[in-house]
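Please read the structure below before turning to the comments.
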Amino acid sequence: MSKIVRTVANQLILFIFIFGLYIIIHGHITPGGGFQGGAVIASGAALMIVAFGSSRIQKGIKEKHLSILESSGAVIFIGLAFAGLAAAGVFFFNTLIGSPVFGHTPPTGPNPGDIWTGGIIPLMNVAVGLKVFAGLSAIILVMALASSGEEVEE
Amino acid sequence: MLEIAALHIIVPVLLIVCAVFVARAKDLINAVLFLAAFSLLLSLEFYLLQAPDVAIAEAAIGAAITTAIFVVAIRATKREEE
Amino acid sequence: MRNFVASLFLGIAIVFLVSSALLVHPFGEPPAPMDDYIIQNAQAETGANNVVAAVLFDYRGFDTLGEATILFTAVTGVVMLFRKKETAEK
């Protein structure tokens, strides 16, 4: 891509990543969540791949590393579900309610919101966000790599 | 409230117009761009129907990632429809 | 004959779509008592202000597990397909 596109992508990528992280971390108090924030971060990664070319991106991060990130997100998600099974005997039980970590309970009805609420929901949001970001980025990176070799001259 | 009621009519009409353009475009890049516009209008419609979660997901997946995947696929094949 | 069958199926589909559009419940009024239960108790039981997140990750955790499995399978399939092509060229 041209120099203009690369410069604008360089300036814009930080804001896209921070917005995606905000959606993931505030997933239990504002609209959004792991899937939406991961998709926003993956669209930022798609912008980088389109602007800089897949071969340059591949020098920094390979799809093998993205696969490892995705699998670790899935393992964290299932591990949290099994933590509920171990603590209370119910799969997906919210074990952290009442504990000092993410354990506060908000009053019913509209309220200003507190980041230390939700039990295991914020941790599951982070796990699902990691998984969705790594998965979608791996798909786009692999497809761009496979199609860059046979580019048609225009 | 009248403006919201008007948007509930205008946005679906624009959605149908975008869908017709997607189906009738000969240049596949044009079709993909109309599909991105369709996804953005669809996320606006979700927001009007008070589903901001689905609106964020639709804007990110439909307008950004699907467009990137389609453009990559078109680059590897032919640009014009036969 | 084929035209007749196709138009019959098209007519059935149109009747289904129009009737379901007429039978949909009014905007903002949930049809089942389960929705009222979740809206009243989700904040006290799960501690999350976002009731959608509470339903996705606590009440209906198995759905999210299935979604994660679908995404994992899709990524595995795409990576397998394109990596095989890459090694075959070398």
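Going down the list, the sequences are from chains A, B and C.
Quick note: the first sequence uses our numbering, first residue 62, plus one each step.
Quick note: the second sequence uses our numbering, first residue -16, plus one each step.
Quick note: the third sequence uses our numbering, first residue 8, plus one each step.
Note that CB positions come from ideal geometry on N, CA and C, so glycine has one too.
_Closer than 8 Å to chain B by CB, A:GLN97_ = yes
*Given a limit of 7 Å on CB to CB distance, which residues of the stretch 127 to 148 of chain A reach chain B?*
none
_Between C:VAL82 and chain B, is any beta-carbon pair separated by less than 8 Å?_
no
*Could you list the residues in the stretch 36 to 63 of chain C with a C-beta less than 7 Å from some C-beta on chain B, going in chain order?*
VAL59
*So B:PHE4 is in the alpha helix (DSSP H); what residue range does that whole segment cover?*
-15 to 7
*When you compare only the Cα positions, how much space is there between B:PHE29 and C:GLY35?*
14 Å
*Apply the 10 Å Cβ neighbour rule to A:SER115 and answer buried if 16 or more other Cβ atoms are within range, or exposed otherwise.*
buried
*Which first and last residues belong to the alpha helix (DSSP H) in which C:ARG67 is found?*
Looking at the DSSP string, C:ARG67 is not in any alpha helix (DSSP H), and its letter there is neither H nor E.
*Using three-state DSSP, classify B:ALA42 as helix, strand or coil.*
helix
*Counting Cβ pairs closer than 8 Å, one from the stretch 17 to 24 of chain B and one from the stretch 37 to 45 of chain B, do we hit at least three?*
yes
*Answer with buried or exposed for A:SER198, where buried requires no fewer than 16 other C-beta atoms within 10 angstroms of its C-beta.*
buried
*Taking just the CA atoms, how far does C:PHE11 sit from A:LYS192?*
49 Å
*asked:* Counting only C-beta atoms, is A:ILE86 closer than 8 Å to chain C at any point?
replied: no
*Please check if any C-beta of chain A sits within less than 8 Å of the C-beta of B:ASP36.*
yes
_Beta-bridge partners of B:GLU63, as assigned by DSSP_ = B:ASP10
*Is the Cβ of C:GLY18 closer than 8 Å to any Cβ of chain A?*
no
*Residues of chain A with a CB under 7 Å from the CB of C:ASP65: which are they?*
PHE153, ASN155 and ILE182
*Determine the DSSP secondary structure at A:HIS126, reduced to helix, strand or coil.*
helix
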